[in-house]
Amino acid sequence: MIDNKLIRISILILLSLIFVRCERQKSYYIDPLGNDNNSGTSVKSPWKSLEKVNNKIFNHGDKILFKAGGIWNGQLSPKGSGMPNNPIILGMYGKGTKPSINGNGISGLKAGALLLFNQDYWEIENLDITNKSDSSIGDTRYGILVRWHDYGTGQHIYIRNCNIHDVSGNMDGRFKGEGIIVVATGTKKQTNYNDIIIENCSFKNVDRTGITIWSQWHIRNGMEYKTKDKDLYHSSNGLYKASTNVVIRNNNFENIGGDGIIVSCTKGALIEYNVICRANQRGTSANAGMWPHNSDEAVMQYNEVYNTRYSGDGMGFDIDQMCNNNYSQYNYSHDNAGGFHLICGPSGEYGQSTGNVVRYNISQNDKNTIFVFAGAVDSTWIYNNTVYIGKGLNTNPFGVWDSDGGIANNVFFYNNIIYNLGNGEYILNKSRNLQFESNCYFGNHPENEPKDIYKVTNDPLFVNPGSGGIGRNTLDGYKLKSSSPCLAKGKVISNNGGKDYWQNPVSSTNPPNIGAYNGSGI
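Below, the structure written as structure tokens:
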């Protein structure tokens, strides 16, 4: 009898817990034709306004659903946090276009059309976000702002399938107009964040930056990001605390005023399958398509960047200051006014960006300078890339510049194809230990072309050089014919990633092909 009684009590307790959990997890519906006096918990009794949502503290597992096709003006700033495996969902219901949140030009350091402040475990999906203004007054504006301030470690913010567009900002400084910005700030409690995913979103007509991942907690090795623009987000307030598990994937960017993607103060960030078209369209300073900064072990892969404008930098890709052991691989860069790839280090400091790798990428008709080294970089590996420079271009294949005493050291340039029909030069300024080996240089040969052990100067015999279009899948013209002099003539690199641009295997013991293609001859 006692055992049966205990069993009944246990069952009742379990059922009550399930009931309480179900009670706490609610779905809230918002409709422009609704009424804030409604319960909001059914499609037939929806709320109406952003104010009603903003004044509610939501619980883990709740869903906040805006009606498809609806438009709301003002800032959306819901309160509360979810829990592990039980986030708060912010999205849409019904059929039709994504519901629109129009910030109406709201400005200031908390001026996101959608704002999350010191909140965890949110998943945002299927929203249309804009924050446009014709005024330059109060020119700091964001589409989505996620911020943790003196917080510790923020957790789990996923942003999926959102359209972010027409965000007005100031092009004279960073962090004054972003499609999405995720940032850690403060001066009292070291703050970072973990488990951030931004995927399947579109960004169009955004000033200044498409996506920014940033932190004020970024001082390490005595170095800080020095800038004359000391606004809140651009200041250096605390010792370095890297954010982790940041993923930016499968997003599309078009007509971006400045940078496409910036990822700073992270460890192991993944930036992949993104397409950036026409970045830096209104920039007045140095901008690029995508770049990690002050980050370790970031990977940029399977991305396409094209038609970036030049106003300083202007490359498709960049591994920026204070970056260590980052990878740029399997990317397609074309028609960028500043070149393909920048690798740079802090001015006047030796060896502050180290161990970075650029491999198995394809550059077609990028301008200015393809590979750019600026400042103090050390132990950089550039191998098995394919570069095509068309007729009439004055593109420099390679350039090295010092920066206030900081210089490039230990650059290993192996197994690359430079198909050069242009008129540029190799700019080899002050540096230490630049090694060129087993590269193919075809076409025009400037007097300062590097001396190279096992240099190949014959036509690499691409299937159809210069034929790449828009899309990473348009590059089969850069595969090698069966009679190519570049087949199995490369230098063995043991830790090579194991595959080429087309996913063909690459041996760690047998000589690879020269260039980004390691398959059999066509």
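Just so we're aligned: the sequence shown equals residues 5 to 526 in our numbering.
Heads up, the beta-carbon is just placed ideally off N, CA and C, and yes, glycines get one too.
Since the structure is predicted, the reported quantities are computational estimates derived from the model, not experimental observations.
Whose C-beta lies closer than 6 angstroms to the C-beta of residue i among residues of the same chain, with five residues either side of it excluded?
i	result
Gly-523	Asn-508
Val-415	Thr-384, Leu-438
Ile-422	Val-391, Pro-401, Tyr-445
Asn-462	Pro-489
Asn-514	none
Ser-85	Gln-123, Asp-124, Tyr-125
Arg-313	Asn-284, Gln-285, Ala-341
Glu-129	Gly-95, Arg-164, Asn-165
Would you say the beta carbon of residue i comes nearer than 7 angstroms to a heavy atom of the ligand PLP?
i	result
Gly-147	Among the ligands in the structure shown, none appear at all, so the ligand PLP cannot be discussed.
Counting only the same chain and skipping the five closest in sequence on each side, list residues whose C-beta sits under 8 angstroms from that of residue i.
i	result
Cys-327	Pro-296, His-297, Asn-298, Ser-299, Asp-300, Ala-302, Ser-357, Asn-360
Asn-500	Arg-363, Tyr-387, Asn-388, Val-510, Ser-512, Pro-516
Asn-174	Ser-140, Asp-143, Thr-144, Lys-180, Gly-181, Asp-211, Arg-212
Gly-481	Phe-466, Val-467, Asn-468, Pro-469, Gly-470, Ser-471, Gly-472
Gly-525	Leu-484, Lys-485, Ser-486, Ser-487, Ser-488, Leu-491
Gly-348	According to the sequence shown, residue 348 is Cys rather than Gly. The residues are Asp-322, Ile-323, Asp-324, Gln-325, Ser-357, Val-376, Phe-377, Ala-378, Gly-379, Val-381, Ser-407.
Asn-135	Asn-106, Gly-107, Asn-108, Gly-109, Ile-110, Ala-115, Gly-116, Ala-117, Arg-145, Tyr-146, Gly-147, Asp-170, Val-171, Ser-172
Pro-450	Gly-428, Glu-429, Tyr-430
Lys-193	Asp-154, Tyr-155, Gly-156
Pro-464	Ile-421, Tyr-423, Cys-444, Phe-446, Leu-484, Ser-488, Pro-489, Cys-490, Ile-518, Gly-519
Pull up the distance between the alpha-carbon of residue i and that of residue j, whole angstroms please.
i	j	result
Phe-70	Phe-121	21 angstroms
Lys-67	Asn-443	56 angstroms
Ser-289	Arg-436	29 angstroms
Phe-446	Ala-378	26 angstroms
Ile-148	Phe-440	45 angstroms
Thr-478	Trp-506	11 angstroms
Val-267	Ser-337	19 angstroms
Tyr-458	Lys-493	9 angstroms
Gln-79	Asn-106	7 angstroms
Asn-329	Ser-53	48 angstroms
Asp-40	Trp-51	5 angstroms
Leu-119	Ser-367	38 angstroms
Asn-77	Arg-476	38 angstroms
Ser-332	Cys-281	18 angstroms
Tyr-521	Met-304	19 angstroms
Ser-20	Tyr-125	Residue placement at Ser-20 is poorly supported in this model, since its pLDDT is 47, which falls under 50; the coordinates are not used for a value here.
Gly-403	Ile-474	27 angstroms
Gln-159	Gly-100	31 angstroms
Arg-164	Ile-93	11 angstroms
Ser-49	Gly-272	45 angstroms
Gly-74	Tyr-146	21 angstroms
Lys-455	Leu-346	22 angstroms
Ile-411	Lys-434	7 angstroms
Gly-519	Ile-374	15 angstroms
Asn-1	Gly-95	Examination of residue 1 is not possible in this model, given that the chain is present from 5 through 526 alone.
Met-319	Asn-291	8 angstroms
Glu-453	Gly-396	19 angstroms
Ser-498	Val-309	29 angstroms
Val-460	Asp-504	20 angstroms
Among all the DSSP beta bridges, which residues are the ones paired with residue i?
i	result
Ser-357	Val-381
Tyr-418	Tyr-387, Glu-441
Trp-152	Ala-188
Thr-248	Asn-198, Lys-271
Thr-373	Asn-400
Cys-77	Position check: residue 77 holds Asn in this sequence, whereas Cys was assumed. Paired residue(s): Asn-106.
Tyr-336	Glu-308, Ile-366
Tyr-33	Leu-69
Ser-64	Correcting the residue identity first, residue 64 is His in this sequence and not Ser. Bridge partners of His-64: none, in fact.
Ser-3	The structure shown does not extend to residue 3, since the chain spans only 5 to 526, so no value can be given for it.
Are residue i and residue j close, meaning C-beta to C-beta below 8 angstroms?
i	j	result
Asn-311	Phe-321	no
Ile-275	Ile-260	no
Gly-2	Val-171	Outside the modelled stretch of the chain, which goes from 5 to 526, sits residue 2, for which no answer is possible.
Gly-343	Asn-369	no
Asn-307	Asn-278	yes
Val-251	Ile-200	yes
Asn-42	His-64	no
Trp-218	Thr-195	no
Tyr-197	Ser-247	yes
Phe-62	Pro-82	yes
Tyr-97	Tyr-33	yes
Asn-167	Asn-204	no
Thr-45	Lys-56	no
Return the chain-ordered list of same chain residues with a C-beta closer than 7 angstroms to the C-beta of residue i, the five sequence neighbours on each side being excluded.
i	result
Lys-495	Tyr-418, Asn-419, Glu-441, Ser-442
Arg-151	Phe-121, Val-187, Thr-189
Lys-208	His-169, Glu-258, Asn-259
Pro-350	Met-227, Gln-325, Met-326, Gln-356, Gly-379, Ala-380, Gly-410
**Q.** Segments assigned beta strand (DSSP E), at least 3 residues, entirely inside the region 284-310
**A.** 294-297, 303-305, 308-310
message: So within the region 158-228, which uninterrupted beta strand (DSSP E) runs reach at least 3 residues, ignoring any that extend past its ends?
response: 167-171, 181-189, 196-203, 206-210, 213-219
| said: Which complete beta strand (DSSP E) runs does the region 427-504 hold, if anything under 3 residues is left out? | reply: 430-432, 435-441, 444-447
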